[in-house]
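Notes follow once the structure below has been shown.
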Amino acid sequence: MKITELKSELKKGNIQNVYLVTGKEEVFVKQVEKLFKNLLLPEEQDMNFSSFDLEDTSLDDAINEAISAPFFGEKRLVFINHPYFLTGEKSKGFVEQNMDLLTEYVKNPTPSTIMVIFATYDKLDSRKKIVKQLKKSAGMIDASKMDSGHLVKTINEDLRNDGYSIDRGALDLLINKTQGNYSQIVNQLEKLKLYALKSKVIDEKAVSELVPQSLDDNVFELMNQILAQNIYQAEELYQQFLLQKIDPILLVAILMSQLRTLIQTKILSERGLSESTISKNLKLHPYRVKMSLKQARNLEIQQLILMFHSIVDLDYQIKSGQGDKELLFDLFIAKFA
1245 MKITELKSEL KKGNIQNVYL VTGKEEVFVK QVEKLFKNLL LPEEQDMNFS SFDLEDTSLD
1305 DAINEAISAP FFGEKRLVFI NHPYFLTGEK SKGFVEQNMD LLTEYVKNPT PSTIMVIFAT
1365 YDKLDSRKKI VKQLKKSAGM IDASKMDSGH LVKTINEDLR NDGYSIDRGA LDLLINKTQG
1425 NYSQIVNQLE KLKLYALKSK VIDEKAVSEL VPQSLDDNVF ELMNQILAQN IYQAEELYQQ
1485 FLLQKIDPIL LVAILMSQLR TLIQTKILSE RGLSESTISK NLKLHPYRVK MSLKQARNLE
1545 IQQLILMFHS IVDLDYQIKS GQGDKELLFD LFIAKFA
């Protein structure tokens, strides 16, 4: 269920004993936390609310808390964070967990306890017994990122509720600069609203000046300079990355992703697909598709494919220790710029 559905269910009193929260959108995760905490009176929270981080706390402690009767109240609320064993990841801490304890508890939870498990990971391991049991028995709450259409609608509604509006070009640029991260967008909107305090309209100039460039955008500009064969500008940008202690391995990964996008958008465009259709097929924001098509307009597809193969080779050379990674990346720039 989405956050709005959860809010509605809790308001009706339809409360389950175990919930599993998946997704990494920080704003939504915070909303979920607040909704559940609001089920307890302020004076109850000190006695009947507990939160456990399973990277440094034993699952035994969390289960013992969950099976305890509430103290001067009707409900006990238990949050469980970083249940790494639901994924294929290894623990960053030193506590070995007995997953069977949680599996058995989920099968037969304490009626007076609400347990909320925050599994804010990219992917859960569906093969595991505990994951199967949670999906079968727990209330599933989706706190993942919104798709492009929902995101645009939500931002416009948020601003309208505060008496503001945003130009379409400004909205596209804001989403692009924040990589569609709603949590980051919410943070950026605060200063944008201050900037537009008199006009109540956020324009593209405000977003351009006030919202910082993401690393992806800066690498996008580096690729622009390489493709335009502006070697001096490309070298200057690369040196700035090195001064910022940005690892060339990360630059390679971002460039590889961006080149793949350029190739895909160009091929689909040449097949007659519209920007909106390309956006939907590749699950990219329309603004990113528009910029990619603009960037690739005067480039031959073979040139992009050659560059992509070279960046893949560069990735292998660096990771297999075939030379100094900073020098290898520098040689890649020299080859194409």
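Last residue of the sequence shown? That's 1581 in the numbering used here, and every number before it is there in order. Where is the CB? At the ideal position from N, CA and C, for every residue including glycine.
DSSP three-state call for residue i: helix, strand or coil?
i     : result
T1364 : coil
L1572 : helix
M1384 : strand
N1352 : coil
D1305 : helix
D1369 : coil
I1490 : coil
D1300 : coil
L1264 : strand
S1518 : coil
S1554 : helix
M1582 : Absent from the model: residue 1582. The displayed extent of the chain is 1245 to 1581, so no value can be given.
I1446 : strand
F1316 : coil
L1481 : helix
V1322 : strand
M1245 : coil
T1331 : coil
I1577 : helix
I1358 : strand
E1340 : coil
N1457 : With the sequence shown as reference, residue 1457 is identified as Gln, and Asn is not the correct amino acid for it. Note: Q1457 maps to coil in three-state DSSP.
L1279 : helix
Q1547 : helix
K1251 : helix
I1470 : helix
E1542 : The amino acid occupying residue 1542 in the given sequence is Asn; Glu does not appear at that position. If DSSP states are grouped into helix, strand and coil, N1542 belongs with coil.
Q1561 : helix
L1284 : coil
I1259 : coil
K1524 : helix
Q1502 : helix
E1270 : helix
Q1508 : helix
Please classify residue i: is it buried, with 16 or more other beta-carbons within 10 angstroms of its beta-carbon, or exposed?
i     : result
Y1560 : exposed
A1540 : buried
L1433 : buried
A1363 : buried
M1551 : buried
V1445 : exposed
M1245 : exposed
D1391 : exposed
S1523 : buried
R1320 : buried
P1492 : buried
S1536 : buried
Q1469 : buried
D1416 : buried
L1250 : buried
L1285 : exposed
L1487 : exposed
Between the Cα of residue i and the Cα atoms of the options, which residue gives the shortest distance?
i     : options                       : result
A1306 : E1318, F1316, N1292 and G1317 : N1292
G1267 : N1325, D1300 and L1298        : N1325
M1384 : L1503, Q1566, L1571 and V1360 : V1360
R1532 : I1419, A1478 and K1449        : I1419
K1489 : E1570, A1313 and Y1426        : E1570
S1427 : A1450, D1447 and S1388        : S1388
K1397 : S1381, G1424, I1374 and D1386 : G1424
E1269 : L1395, E1287, F1316 and N1282 : L1395
Y1349 : T1331, G1332, I1259 and V1322 : V1322
L1558 : K1367, F1573 and I1549        : F1573
T1422 : T1248, K1437, N1405 and N1462 : N1462
D1369 : T1331, D1386, L1528 and L1441 : T1331
I1562 : L1537, S1520, D1460 and V1496 : V1496
N1352 : H1553, Q1289 and K1380        : K1380
K1582 : L1254, I1247, G1317 and E1253 : Given a span of 1245 to 1581 for the chain in the structure shown, any question on residue 1582 remains unanswerable.
D1300 : Y1328, N1308 and D1290        : Y1328
L1441 : L1417, E1465, S1409 and A1472 : S1409
Q1502 : S1520, L1471 and P1355        : L1471
I1311 : S1295, E1277, S1252 and P1355 : P1355
R1412 : Q1260, I1507 and V1451        : V1451
A1581 : K1255, Y1476 and V1430        : Y1476
K1367 : D1386, T1505, N1468 and N1400 : D1386
I1358 : Q1289, L1298, V1375 and I1374 : Q1289
F1296 : E1401, L1283, V1339 and Q1260 : V1339
I1429 : S1443, V1455 and L1438        : V1455
From the DSSP output, read off the bridge partner residues of residue i.
i     : result
F1293 : L1321
Item to check | Inside the segment 1380-1440 only - alpha helix (DSSP H) runs reaching at least 4 residues | outcome: 1392-1405, 1412-1421 and 1426-1439
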